[in-house]
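If you read the sequences in order, they're chains A and B.
52 is the number of the first residue of the first sequence in our numbering; add one for each residue after it.
22 is the number of the first residue of the second sequence in our numbering; add one for each residue after it.
Every residue, glycine too, gets a C-beta built ideally from N, C-alpha and C.
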Amino acid sequence: MDRKIDDKTILDKFVEDFVEVVEKHCKYIIVSGFVAIAHGRSRGTEDIDMIIERIPKENFINLHTSLINSGFECMQSEKPDKIYDDYLIRGDSIRYTRAGINLGPPEMEIKLAKDELDNYQISTRQKFPLTDLDVYFSNIEINIAFKEELLKSDKDMEDARHLRIIYKEDLNEEEINKIKEKIKKLRLKEE
Amino acid sequence: MRDKSHMEQVERWAEHVKNNPQTWKKQLKPFLDAQIIMAIRFYNKLAQTPEGREKIKLLRNL
């Protein structure tokens, strides 16, 4: 793949700059809409979803400090203790943007891994040469399963259809069905 | 619910991306960038108005 550097979108550059900091502190995956967009889905988004390992507070404070020193700001608070206790550990997401743009997009929405399904997503993470991005994503089967079984909006079903076409020769349907069963057990029973 | 023609266009575009790995991003970049550039321009303008920062926080669910 020899796309020119200037083919990278604002979203691509934001994600690559952000993960360059995060990967020094913990394992992460990019999930949801940006997976489809990085594979050419022609739709916009202003937030990118990231799941990180369930790191302890001290590690998060180091990560937050590195992000601030690299030109990002957290939209929820400047205090990493508060961000961790009031949001992350309670299962809520936190958001970072580039500093100095009045909280404008794009933003990175981060959550801690919350169950065995998230841990499985992180343990099977992949980079996709087709995207031309040096970024870890949750694997395609997991993305399709979440969109078809849990999220189910028009946009999500279209994302899933798009990914199914891009990877039609390689998809593991057995794996998709296995993930869908885990989603039913771990996520849908909560509702 | 979007109609059938919408999903057909999703499928046509996905086939295009699959068959044109060297060029699809160049085609898509202006569209994706324009949305971000327009939003940032708007937020910067809004921040300069009275209570602009507060309105941004409301827009961003903060």
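State the DSSP-derived secondary structure class of R81/B, mapped to helix, strand or coil.
Translated into positions along the second sequence, residue 81/B becomes position 60. DSSP places R81/B in coil when its eight states are reduced to three.
Alpha-carbon spacing of D143/A relative to E104/A, whole angstroms:
For this step, residue 143/A is matched to residue 92 along the first sequence. For this step, residue 104/A is matched to residue 53 along the first sequence. Approximately 14 Å between the Cα atoms of the pair.
If the cut is a Cβ gap below 7 Å, which residues of chain B does G142/A touch?
Numbered from its first residue, the first sequence carries residue 142/A at position 91. Here the premise fails: no neighbours, minimum Cβ distance about 16 Å.
Could you tell me which residues DSSP puts in a beta bridge with I145/A?
The residue labelled residue 145/A in the question sits at position 94 within the first sequence. Answer by DSSP bridge pairing, in chain order: I161/A.
Span separating the alpha-carbon of G122/A from that of A150/A:
Counting from one through the first sequence, the residue named residue 122/A turns up at place 71. Counting from one through the first sequence, the residue named residue 150/A turns up at place 99. If I take the Cα positions, the gap works out to 6 Å.
Please state the DSSP three-state secondary structure of E232/A.
Working through the first sequence from its first residue, we reach residue 232/A at position 181. In the structure shown, E232/A sits in a helix (DSSP, three-state: H, G or I).
So what's I106/A in DSSP terms, helix, strand or just coil?
Within the first sequence, the letter at position 55 stands for residue 106/A. In the structure shown, I106/A sits in coil (DSSP, three-state: anything other than H, G, I, E or B).
For T182/A and F85/A, I'd like the C-alpha separation in whole angstroms.
The count along the first sequence starts at 1 and reaches residue 182/A at position 131. The count along the first sequence starts at 1 and reaches residue 85/A at position 34. T182/A and F85/A: Cα-Cα distance of roughly 11 Å.
If you drop the 5 nearest sequence neighbours on each side, which residues of the same chain put their C-beta closer than 7 Å to that of K233/A?
To locate residue 233/A, count along the first sequence from 1; it is residue 182. Cβ within range, chain order: L168.
Does T116/A pass the burial test, meaning 16 or more other C-beta atoms within 10 Å, or should it be called exposed?
Mapped onto the first sequence, residue 116/A falls at position 65. Exposed, since its Cβ has fewer than 16 Cβ neighbours within 10 Å.
Limits of the unbroken beta strand (DSSP E) element including F65/A:
Numbered from its first residue, the first sequence carries residue 65/A at position 14. Careful: F65/A lies outside any beta strand (DSSP E), inside the alpha helix (DSSP H) at I61 to V73.
Go ahead and pull the three-state DSSP assignment for I99/A.
As a working mapping, residue 99/A is identified with position 48 in the first sequence. If DSSP states are grouped into helix, strand and coil, I99/A belongs with the strands.
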